[in-house]
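Colleague: Using the working numbering, you'd call the opening residue of the sequence shown number 2 and step up by one each time. To start, I am sharing the structure in question, which I have written as structure tokens.
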Amino acid sequence: MLEVLFLLLVSGILLAHVRACRAGSPAWAGWLALGCRVVALAGLVVLFWFVFRGDERNEDRQSREEREVVILEDRSLSMDLRGADGGLSRARLRDQVVDLVEREAARRPSITVQRFCFGGNVMPLAQADRVDRERTRLAPATEALAARVGRGGVLVLTDGCASAGEASGFGKVLAEERGVRFYAVACVGADQEWRELGLGPIQVDELNPERASAEVRIDGMPPGYGVDVRWRVDGVDQATSRLNRGGMAVCSLTEVPPGWHELEASVPVQTGEVCTENNTRRAVFRVTGDRHVAFLYGRVDREQMELARLLRRRLGNRLILLSEEDAGERRLEPDRLALLIVGRVHPDRVEGCVRDCLGSGSTRVLYLGTEWAAEWRGMDRLVSGPVAPRVLTTPLVLNAPAGLRALAAINEAKLPVRRYLLATPRPGTQVLGTVGGGLPVLLADHPQQPTVALLLLDDTWRWLLGHDAATRTGYETFWRTALDWLVQEERTELELSAELAAPPANTVRFLVRPIASVRSELPKSLAIRLDLPDGRKSEVTARYAEEAQAYVAETDYACPGQVEWAQAEVRLVDRTLVSERVPVFREIAVAEYERPIPDLAVCQSIATVPEDAGTYEDAERIVRTMLDSLPQDPQFSRRERSFRREALAAGVMALALALEWLLERLVLRRKT
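Given below as structure tokens:
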């Protein structure tokens with residue numbers, strides 16, 4: 002239609018031009034020149050309108066997406082396993098398929114190839130070293146990619162396995178509605194006789210290091226075929242666990258002396274094994290030699306919750322949190338327990354768990370304030386008669402006797418007592434009271450070396466509610482002082498700790514904290530010696546940092562997957578202070594596979610066109626099928642058709658300007 006209008010316009014202009022020339026009428030020529038100018042301006046406006054239309058550019062992008070191939074590559078650790086006969090790995094087979102796609106796409110016009118990778122999350126290929134490689138999370142990766150691609154084809158290259166419990170499909174269905182077609186290739190062979198041994202992380206009970214354990218999975222082994230798991234402690238053979246169908250391998254650690262130790266569990270290579278580098282795990286554990294502190298709690302309230310948090314920060318792994326429900330299944334031994342804190346628990350419910358600790362002489366016992374306190378065995382040494390709660394109308398300040406140095410720091414905190422338990426103490430048992438020789442607050446059978454104590458307070462957690470910093474720290478002042486009084490232990494003068502940065506960073510930060518009694522004697526810096534696994538030694542300098550209240554040094558972790566040993570040392574005038582030897586260790590991540598033999602049904606559920614793909618020949622067939630499904634020749638989009646209209650508008654504008662010039666030269670000027 003636009004072409005017909007253009008021809009009529011040109012014909013009209015020519016007829017008018019001929020008539021004007023014959024008649025010699027300047028009026029017609031003037032009007033015709035003015036009309037040509039108007040037509041030229043209108044053509045210019047139409048031209049710019051065609052050029053800057055946004056929907057035309059969108060149609061052009063959609064045409065490119067129709068001829069785009071996206072490759073989603075599996076970068077999980079299972080891709081390092083064997084993928085075909087002859088020892089070819091799955092990763093190598095994956096790379097061969099990628100080369101095939103790029104080579105075939107280069108032979109066809111206007112086909113672009115994009116590459117993404119996944120282990121856990123989908124990301125560009127340039128960030129492949131930061132992919133979570135522990136497992137093949139196939140379904141979430143497909144869902145994430147489905148939201149990114151346009152209208153072309155997606156080729157998923159994977160090991161064929163998926164993490165257990167994955168459910169997918171919604172995002173893929175929406176992508177298919179946009180015209181996306183999915184294809185999947187499992188980079189594996191069809192050898193069903195392959196075997197795989199999975200050795201899980203080593204676990205050592207942090208509270209009671211009597212044994213180590215590791216989960217062993219055995220897949221594909223003949224019936225009755227056993228596997229020996231060898232345990233080594235500090236490089237010395239310690240035990241052997243024999244398993245037939247997998248399970249838990251256990252190593253006894255009862256004879257291991259206190260200190261830091263390196264533990265190694267390994268499974269020998271079996272015939273047909275496909276994962277030899279997965280058969281050794283290492284761990285570092287510590288036998289402290291120190292006895293633990295147990296907190297036996299019942300109904301959890303604000304006070305017991307705050308106390309548990311403080312004890313965890315104070316004692317770390319030495320703390321045993323034991324609920325009333327779990328007390329019936331556990332028995333606490335007095336030779337492993339330095340202090341037992343009994344919360345608001347009735348003795349009939351938990352006495353069997355702590356019977357050996359009560360009155361043993363080696364375990365000190367602290368009872369928190371409760372109306373059941375008088376019913377515990379041995380409590381008649383501290384109180385006589387019942388214990389009843391009471392609320393003070395006017396709070397009194399907690400006070401320690403002047404001669405009791407172990408609890409003297411409590412007097413500086415000036416802690417108020419509001420709620421307490423009224424009891425009648427036995428003579429010589431009161432340790433803490435309120436100001437003016439008032440109410441008894443802490444009862445003990447001996448002021449310096451107590452074996453049993455009773456705290457007649459019901460609201461210590463309220464010391465945390467004040468806005469004054471001194472009031473907030475009063476809670477910690479009280480409990481730290483009480484713990485130091487009840488648990489007498491020797492602390493090293495220098496405490497060294499190592500903090501490894503999170504992967505992929507490979508730095509380690511050393512902190513050396515001196516005790517208060519020697520802090521004034523120390524210089525501004527001290528040395529930290531490092532013993533490397535290959536026998537080399539190095540040294541870093543730690544400088545005192547006020548914000549950390551410790552000596553701080555940072556350096557690179559030289560031997561990932563192996564153990565370094567660090568020890569701080571500083572020379573004084575009269576002696577040398579040396580810290581404990583501390584390990585620096587990060588275990589190398591090892592893959593855990595949900596299915597040893599690839600499940601091709603998983604790939605079929607991902608692919609729009611399900612096909613059994615496990616070899617390179619299968620991959621060639623699928624790649625050619627995918628490329629053949631794309632549009633073979635670039636089609637004219639609306640954007641390309643608009644170029645014709647733009648050229649037509651430009652022609653009309655040029656012709657109108659030419660006619661206007663001819664009229665001016667041949668008619669108007671001649672008449673003049």
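Idealized CB from N, CA, C, for every residue including glycine. Here the structure is a predicted model, which means the values were calculated and not measured.
#1: Is the beta carbon of Phe-586 sitting closer than 7 Å to the one on Val-294?
#2: Counting only beta-carbon separations shorter than 7 Å, does Leu-312 have a partner in chain C?
#3: Can you have a look at Gly-434 and say buried or exposed, based on whether 16 or more other CB atoms are within 10 angstroms of its CB?
#4: Can you check which of these residues, Leu-359, Tyr-617 and Gly-652, is closest to Ser-90 by C-alpha distance?
#5: Measure the alpha-carbon distance for Asp-381 versus Gly-370 and round it to whole angstroms.
#6: Roughly how many angstroms lie between the CA atoms of Arg-212 and Leu-254, to the nearest whole one?
#7: Could you tell me which of Arg-314, Glu-325, Pro-348 and Leu-367 sits nearest to Leu-338, measuring between CA atoms?
#8: With a CB to CB cut of under 7 Å and the five nearest residues on each side skipped, what residues in its chain are close to Leu-523?
#9: Apply the 10 Å Cβ neighbour rule to Leu-423 and answer buried if 16 or more other Cβ atoms are within range, or exposed otherwise.
#10: Report the residue from Val-257, Leu-101 and Met-249 whose alpha carbon sits nearest the alpha carbon of Asp-229.
#11: Could you check the C-alpha separation between Ala-590 and Leu-316 for me, to the nearest Å?
#12: Starting from the C-beta of Gly-362, find all residues in its chain whose C-beta is less than 6 Å away, skip the five residues before and the five after it, and write them out in chain order.
#13: Spell out the partners DSSP gives Ala-569 in its beta bridges.
#14: Taking the C-alpha atoms as reference points, what is the distance between Leu-408 and Trp-566?
#15: According to DSSP, is Phe-296 helix, strand or coil?
#16: Which runs of the beta strand (DSSP E), 3 residues or longer, sit entirely within the stretch 438-468?
#17: In three-state DSSP terms, what is Trp-373?
#18: Just to check my reading of the structure: Ala-215 and Leu-198 have Cβ atoms closer than 8 Å, yes? What is that Cβ distance to the nearest angstrom?
#19: Strictly by DSSP, which residues pair up with Thr-1?
#20: Spatial neighbours of Leu-578 within its chain, please: C-beta separation below 6 Å, excluding the five flanking residues on both sides.
#21: Assess, as a yes-or-no matter, whether the stretch 409-429 is touched by the stretch 474-482 under the definition of 3 or more beta carbon pairs within less than 8 Å.
#22: Gln-449 to Thr-482, Cα distance in whole Å?
#23: Of the choices Gly-120, Gly-151 and Asp-160, whose alpha-carbon is the least far from that of Leu-93?
#24: For the putative contact between Leu-158 and Val-186, defined by C-beta atoms under 8 Å, what is the C-beta separation to the nearest angstrom?
#25: Looking at C-beta atoms only, is the number of pairs between the stretch 296-309 and the stretch 317-330 that lie closer than 8 Å three or more?
#26: On the criterion of 16 or more Cβ atoms from any shown chain inside 10 Å, does Gln-431 qualify as buried, or is it exposed?
#27: If you draw a straight line from the C-alpha of Tyr-558 to the C-alpha of Thr-508, how long is it?
#28: Checking 7 Å against the spacing of the C-beta atoms, do Val-384 and Leu-397 come in under that value?
#29: Could you check which residue in Arg-319, Gly-290 and Val-251 has the C-alpha nearest to that of Gly-260?
#30: Is it right to say Asn-400 is buried, meaning 16 or more other beta carbons lie within 10 angstroms of its own, or is it exposed?
#31: Rounded to a whole number of angstroms, what is the C-alpha to C-alpha distance between Gln-239 and Ala-142?
#32: Across which residues does DSSP place Met-380 in a beta bridge pair?
#33: Only counting the same chain, and skipping five residues up and downstream in sequence, which positions put a Cβ closer than 6 Å to that of Tyr-545?
#34: Note down, in chain order, each residue of its chain lying with its Cβ closer than 8 Å to the Cβ of Arg-741, except the 5 sequence neighbours on either side.
#35: Could you tell me which of Ala-543, Arg-537 and Trp-480 sits nearest to Arg-510, measuring between CA atoms?
#36: For Gly-260, which of helix, strand or coil comes out of DSSP?
Modeller: Result, derived from the coordinates:
#1: Against a cut-off of 7 Å, the Cβ pair of Val-294 and Phe-586 comes out as no contact.
#2: Of the protein chains in this structure there is only one, and it is not chain C.
#3: Per the 10 Å Cβ criterion, buried.
#4: For Ser-90, the closest C-alpha among the options Leu-359, Tyr-617 and Gly-652 is that of Tyr-617.
#5: The alpha-carbon atoms of Asp-381 and Gly-370 are separated by roughly 15 Å.
#6: Arg-212 and Leu-254 have their C-alpha atoms some 5 Å from each other.
#7: If we check each option's Cα against that of Leu-338, Leu-367 comes out closest.
#8: Excluding sequence neighbours, Leu-523 sits near Pro-515 and Val-571.
#9: Under a 10 Å Cβ-count criterion, Leu-423 is classified as exposed, with fewer than 16 other Cβ atoms of the shown protein chains found around its own Cβ.
#10: Asp-229 has its Cα closest to that of Met-249, out of Val-257, Leu-101 and Met-249.
#11: With a pLDDT of 47 at Ala-590, under the threshold of 50, the modelled position of that residue is not reliable, and the figure given next carries that caveat. Looking at the two C-alpha atoms, the distance is approximately 29 Å.
#12: There are no such residues.
#13: Ile-529, per the DSSP bridge assignment.
#14: So the alpha carbons of these two residues sit roughly 38 Å apart.
#15: For Phe-296, the secondary structure class from DSSP, reduced to helix, strand or coil, is strand.
#16: If you keep only unbroken beta strand (DSSP E) runs of at least 3 residues inside the stretch 438-468, you get 441-445 and 453-456.
#17: The answer is coil: DSSP assigns Trp-373 none of H, G, I, E or B.
#18: About 12 Å separates the two Cβ atoms, so there is no contact after all.
#19: Residue 1 lies beyond the residue range present for the chain, which begins at 2 and ends at 673; the question has no answer from this structure.
#20: Closer than 6 Å at Cβ, skipping near neighbours: Glu-494, Leu-495 and Val-571.
#21: Yes: the two stretches touch, three or more of their Cβ pairs being nearer than 8 Å.
#22: For Gln-449 and Thr-482, the gap between their C-alpha atoms comes out near 13 Å.
#23: Note that residue 93 is Arg in the sequence shown, not Leu. Its Cα nearest to that of Arg-93, the residue Asp-160 stands out among Gly-120, Gly-151 and Asp-160.
#24: About 5 Å separates the beta carbon of Leu-158 from that of Val-186, a gap short enough to meet the 8 Å contact definition.
#25: Output reads yes: the stretch 317-330 touches the stretch 296-309.
#26: Buried, since its Cβ has 16 or more Cβ neighbours within 10 Å.
#27: A straight line joining the alpha-carbon of Tyr-558 with that of Thr-508 spans about 5 Å.
#28: Not a contact, by the Cβ cut-off of 7 Å.
#29: It is Gly-290.
#30: Taking all protein chains in view, the Cβ of Asn-400 is crowded by 16 or more other Cβ atoms within 10 Å, so the residue is classified as buried.
#31: In a straight line, the C-alpha of Gln-239 is about 43 Å away from that of Ala-142.
#32: In the DSSP output, where bridge partners are listed per residue, Met-380 has none listed.
#33: Scanning its chain for C-beta atoms nearer than 6 Å, with the 5 sequence neighbours on each side dropped, one finds around Tyr-545 the residues Lys-525 and Tyr-552, in chain order.
#34: Residue 741 is absent from the model: the chain starts at 2 and stops at 673.
#35: Taking only the C-alpha atoms, the option nearest Arg-510 is Ala-543.
#36: It is a strand residue.
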